[in-house]
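J.: Please see the structure below; I have some questions.
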Amino acid sequence: MSEVQPEPSREAGAGVTELLDAILAVASELDLPAVLDRFVQVSARLTGARYGAINVLDSHGASTTFVYTGIPNAVARMLATAPHAHGVLGRIPPEGVLRLEDLTQHPAFGGFPANHPPMGSFLGASVRVGKHVYGQLYLSEKDGGFTDADEQVVVALAAAAGVAVSNAQLYAEAAQREHWLRAGQDVTTMLLEGVDEEEALEHVAATAREVSRADTAALALPGLGGTLLIEMAVGHLAPDLVGTMMPAGGRAEQVMLDNKGMIVFEPSQSIRTVVPELSAFTSAIFAPLQTSGRGVGVLLLLRLAGKPLFEDRDLATAESFAAQAALAYVLAEARHAQDIASLLDERERIARDLHDLAIQQLFATGMQLETVRRRAARGVDPSELLSIVDEALDNVDGSVRQIREIVFKLRDPDAATGLVERLRRESSLARTGLGFAPSVVLTLDGALLDTGAEDDDGLDEDRMDDRVGHALTDDVVAVVREGLANAARHAHASSVTVHVAVDGVGADGSVVVDVIDDGVGMPATRDRASGTGNLASRARQHSGSFSLGAPATGTGTHLRWTAPLG
């Protein structure tokens, strides 16, 4: 007769179900504290422990996430800080468990902090994935002490908690990288738009501080003799840092020369002596602003005492951002130099035009008038001199027209370029900031301008240019430029369409500019409105209109600007 095996109790079955539910929660939650709180609750309930905690540690052994059960919130607030991996907690092995009948009898026990409840029996395991230990799961105060079955529960939950911590950290790192990349794109767009250098540098520092969650961000740039000087700082102690000289041969100079960033913990006594302004910070990143072998400066990210220390992954993303910012800065400098070269070329062209056209014509006119003077002195009949005088007057009028045309071109370098060509340029320039080419649609009296056709004779383009005129062309181009810049800075769009429609002639005609993107739409609050304010002002000058809102699709932003042609 076979022996009848006892059926599992309902309590055991419920415990297994609860254990499985807690483990399966790893795949459905990205909120790490919520997942860990569930784990520690289940751990305490299944083992019968009064107290339980999961402590996630960084690479320096400091607590980054701490969840607990059993301890009243008022007592937890009095304890103030989460425990570190020291004493008995530091003896929890990477594999297996640490099980004690009374933790106060362990040789590593160093006493409880003030207000900590008394604890005796103890069971702890490492929260890990493979060989990587993320933290610790520990329980205390079970009547009768912990058992082998409790060990199995804790090991299983600690392993599942390790997966949860790993997933959450991977997700956070991916989100952080995306934030850094987006910040780098914003900085690139701003610099290539030609903003003021000081404003651009302040934006670089402020963006880096926000994304890295640093207390202070600073930019050390080469000054006279190549000495690095903090010229821009935002955040804690920023006014005190501005103007600080970095020591020759110090970390900042080494980072710029080697093009390799570094993390510094607890500034040394030498640093505190040479740069006392840095003594308030316990963790710092030095990232080189360098591209193509050229050192632009050093980005400093600083955290105060009590804040999490910087990790290697923080350094990697900061270095990538700094390199992108440096490249954009150098490109902006090159563009500025190109603008200056273009200005010099334009001045040379104007000088040639003045010499070859106006001055030569005026010289010829002077010769004609000299002839009139000599003949008049010889007593020649004045009627014979009238034709020469009339011709000289015509030459003077021609010279005046030449000078006016040259001066007009000097005031407006794009005066000789039509609307269609200038819109092509804006589309090309916007590609860098957007990451893709915007779609530009031009219509004249409702008919589409096929400006890319090989057999296009350009007559439609000329007709559009003639109807809009020089003065209104400047405003239309400015509207398109601002619309594309706003889309690049704020929209995070995947497509942008520019539609410029010219209909009718003169005062009865109109030009309508629509810039539509499929991005995130208008923010709830806008800190700056200078760009859109300028567009509204341009519309009022022409008795036109300006609006900014959501497109018909409901997704993105729709900028519309209109003005009469006459």
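Using this note's numbering, count along the sequence shown one by one with no gaps and you end on 547.
Quick reminder that beta carbons are idealized off the backbone N, C-alpha and C, glycines included.
Using the beta-carbon count (16 or more within 10 Å), is S364 buried or exposed?
T.: exposed
J.: Would you tell me roughly how many angstroms separate the C-alpha atoms of A307 and M237, rounded to the nearest one?
T.: 12 Å
J.: Considering A15, what are the terminal residues of the alpha helix (DSSP H) in which it resides?
T.: Boundaries of the alpha helix (DSSP H) around A15: 13 to 28.
J.: Would you call the CB atoms of G278 and A201 closer than 8 Å?
T.: yes
J.: Please look up how many angstroms separate the CB atoms of L281 and D196, rounded, as I've assumed it's under 8 Å.
T.: Between the beta-carbon of L281 and that of D196 there is about 11 Å, and that puts the pair past the 8 Å contact cut.
J.: Throw me the rounded Cβ distance for the G51 and V78 pair, which I believe falls under 8 Å.
T.: Taking C-beta atoms under 8 Å as the contact rule, G51 and V78 fail to qualify, at a distance of about 19 Å.
J.: Starting from R80, trace the beta strand (DSSP E) in both directions and tell me its first and last residue.
T.: 78 to 81
J.: Kindly indicate the opening and closing residues of the alpha helix (DSSP H) around M237.
T.: 232 to 239
J.: Given N36, which residues of its chain have a CB within under 7 Å of its CB, disregarding the five upstream and five downstream residues?
T.: S44, F47, A63, P64, G116, Q117
J.: Taking the alpha-carbon of V114 as reference, which of A66, G535, L423 has the nearest alpha-carbon?
T.: Among A66, G535, L423, the Cα nearest to that of V114 is on A66.
J.: Only counting the same chain, and skipping five residues up and downstream in sequence, which positions put a Cβ closer than 8 Å to that of F90?
T.: G68, V69, L84
J.: Span of the beta strand (DSSP E) holding P203?
T.: According to the DSSP assignment, P203 belongs to the beta strand (DSSP E) that extends over 197 to 203.
J.: According to DSSP, what are the bridge partners of D499?
T.: Its beta-bridge partners do not exist; DSSP assigns none.
J.: Considering Cα atoms alone, identify which of T263, F267, P269 is closest to G287.
T.: T263
J.: Report the rounded CA-to-CA distance for E435 versus S368, giving the unit in angstroms.
T.: Here the model assigns E435 a pLDDT of 42, short of 50, so the residue's position is not dependable and the matter cannot be decided.
J.: Distance check for R72 and H97, CA to CA, integer angstroms please.
T.: Rounded to the nearest angstrom, the two C-alpha atoms are 20 Å apart.
J.: What does L209 pair with, by DSSP beta-bridge criteria?
T.: DSSP, once it has assigned bridges, lists P203 as partnering L209.
J.: Taking the runs of the beta strand (DSSP E) that are 3 residues or longer, which of them lie wholly in the stretch 396 to 482?
T.: 420 to 425
J.: Excluding five sequence neighbours on each side, which residues of the same chain lie with their C-beta closer than 6 Å to the C-beta of D495?
T.: So the qualifying residues of the chain are H480, R541.
J.: Do you know how far the Cα of P75 is from the Cα of Y119?
T.: One Cα belongs to Y119, the other to P75, and the distance between them is close to 13 Å.
J.: Applying the 10 Å Cβ sphere with the 16-neighbour rule, what's the burial state of A(-7)?
T.: Low local confidence applies: a pLDDT of 42 at A(-7) is under 50, so the model's placement there is unreliable, and no value is given.
J.: Have a look at G204, A198, G535, M227 and flag the residue whose alpha-carbon is nearest the alpha-carbon of M213.
T.: A198
J.: Could you check what DSSP says for G224 in three-state terms: helix, strand or coil?
T.: Correct three-state label for G224: coil.
J.: By how many angstroms is the C-alpha of S147 removed from the C-alpha of L26?
T.: As written in the sequence, residue 26 is Arg, which differs from the Leu given in the question. Cα to Cα, the separation comes out at about 24 Å.
J.: Taking the alpha carbon of G207 as the point to measure from, which residue in A229, A219, R194 has its own alpha carbon closest?
T.: A229
J.: Report the three-state DSSP secondary structure of L151 (helix, strand or coil).
T.: helix
J.: In this structure, how does DSSP classify L138 when only helix, strand and coil are distinguished?
T.: helix
J.: With a 10 Å radius around its C-beta and 16 neighbouring C-beta atoms as the bar for buried, classify T534 as buried or exposed.
T.: Exposed, because fewer than 16 other Cβ atoms sit within 10 Å of the Cβ of T534.
J.: Apart from the five residues just before and just after G433, which ones in its own chain have a Cβ nearer than 8 Å to its Cβ?
T.: Note that G433 has pLDDT 49, beneath the 50 cutoff, so the model's placement of it is unreliable and the number below is only indicative. Cβ neighbours of G433 beyond the five flanking positions: none.
J.: Could you say which of D221, S24, Q150 lies nearest to K123 if we only look at CA atoms?
T.: If we check each option's Cα against that of K123, S24 comes out closest.
J.: Would V449 and L516 qualify as a contact pair, given that the criterion is a beta-carbon distance under 8 Å?
T.: no
J.: Report, in whole angstroms, the separation of the C-beta atoms of A303 and L270, which I expect to be a contact under 8 Å.
T.: 5 Å
J.: Report the rounded CA-to-CA distance for A358 versus D378, giving the unit in angstroms.
T.: 26 Å
J.: I'd like the list of long-range same chain contacts for L453, defined as Cβ closer than 6 Å, with 5 residues on each side in sequence excluded.
T.: none
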